[in-house]
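Asker:
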Amino acid sequence: MLVLESWLIYPIIFVLGLILGSYLNSWMWRVHEGRYVWLGRSMCVGCARSLAWYENIPLLSYLFLRGKCRTCKISIPSSYFFVELATGSLFLFLSIVDLNSGVSFARIFRDLFFGALFVVIFVYDAKYGEIILGSTWLGAIVAAFMNIKYFGFSFDSVLLGAAIGGGFFLFQYVVSKGKWIGGGDMHLGLLMGALLGWPNILVGLFVSYIVGAVISIGLILAGKKSMGSAIPFGTFLTVGTLVTMLWGDEIIKWYLGFLK
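Using the numbering used here, the first residue of the sequence shown is number 673, and each one after it goes up by one.
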């Protein structure tokens, strides 16, 4: 019965992820443009026309409109389509992992909440080269509360993790006078530490740098970036944090077993 119910709920979670991805697209654009961000109908970024309901159907509207506004014909960024698809796919993936593992509702909520938050941080940093500081502080508060109340983290573990995560990037920022990393990375490091705790924050940082190195080398070899090019590091940190949030304990056990 559990398997049947899980398979029934997967499409619902995927669709909810698509809808949330559509909203996040609009929300991030409004934040960047300095508009009132929580309410109001979606609009065309070119002619500012409010969109009809059938122009707001995730994935399908983009395909039917062929990536252009119905009136002014301005091209709709393809990133809108892929953010919707990525958010839905991430929600589906997280639900499969959690439901098949028989975890608590608190764990499912945590994974979906931070999955959506990391989509925001990843996409906004990739598109605009910035990290929304409010999102990192919200995430740090939610992470600290849930870890202590529901997941058995000690206050010291959360505090030490946050101190190491934030302090690691603060040190780099001070030493390089802001040339190596941006100020937003310090706040993201704080979020990482509050979410992962000690010692998993070390795993999160390690995985993030490995992901960053692999992708950076790939971009250089593909001719997309040069050695001196700036790359939004927040994107790598979100991937590393997500991986560690899901499998950090297993990575530590594997590593310790490898040393024996």
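Just so you know, even glycine gets a beta-carbon here, dropped at the ideal spot from N, CA and C.
#1: Between R707, S826, I768, V886, which lies nearest to P871 when the distance is taken from Cα to Cα?
#2: Could you give the first and the last residue of the continuous alpha helix (DSSP H) run that contains G855?
#3: Please work out which residues of its chain come closer than 6 Å, Cβ to Cβ, to G876, disregarding the five sequence neighbours upstream and downstream, and give them in chain order.
#4: Should the stretch 687–697 be called in touch with the stretch 775–795, which here means at least 3 C-beta pairs below 8 Å?
#5: Flag this pair as touching only if the stretch 751–761 and the stretch 728–736 have three or more C-beta atom pairs under 8 Å; answer yes or no.
#6: Indicate the three-state DSSP secondary structure (helix, strand or coil) for K821 in the structure shown.
#7: Measuring straight from C-alpha to C-alpha, what distance separates W919 and M818?
#8: Under the assumption that V755 contacts L805 (Cβ atoms under 8 Å), give the Cβ distance between them as a whole number of angstroms.
#9: For the stretch 848–867 against the stretch 789–807, are there 3 or more C-beta pairs whose distance is under 8 Å?
#10: Taking all protein chains shown into account, decide if S776 is buried (16 or more other Cβ within 10 angstroms of its Cβ) or exposed.
Answerer: Quick answer:
#1: For this step, residue 871 is matched to residue 199 along the sequence shown. Nearest C-alpha to P871: S826.
#2: Numbered from its first residue, the sequence shown carries residue 855 at position 183. 855–868 is the extent of the alpha helix (DSSP H) around G855.
#3: Translated into positions along the sequence shown, residue 876 becomes position 204. Taken in chain order, the residues that qualify are M864, L868, G912, T913, T916.
#4: yes
#5: With a cut-off of 8 Å, the stretch 728–736 and the stretch 751–761 count as touching, because enough Cβ pairs lie within range.
#6: In the sequence shown, counting from the first residue as 1, residue 821 sits at position 149. Three-state result, K821: helix.
#7: For this step, residue 919 is matched to residue 247 along the sequence shown. For this step, residue 818 is matched to residue 146 along the sequence shown. The straight-line gap from Cα to Cα measures roughly 18 Å.
#8: Numbered from its first residue, the sequence shown carries residue 755 at position 83. Numbered from its first residue, the sequence shown carries residue 805 at position 133. V755 to L805, Cβ: 21 Å. No contact.
#9: yes
#10: Within the sequence shown, the letter at position 104 stands for residue 776. Its Cβ having fewer than 16 others within 10 Å, S776 is exposed.
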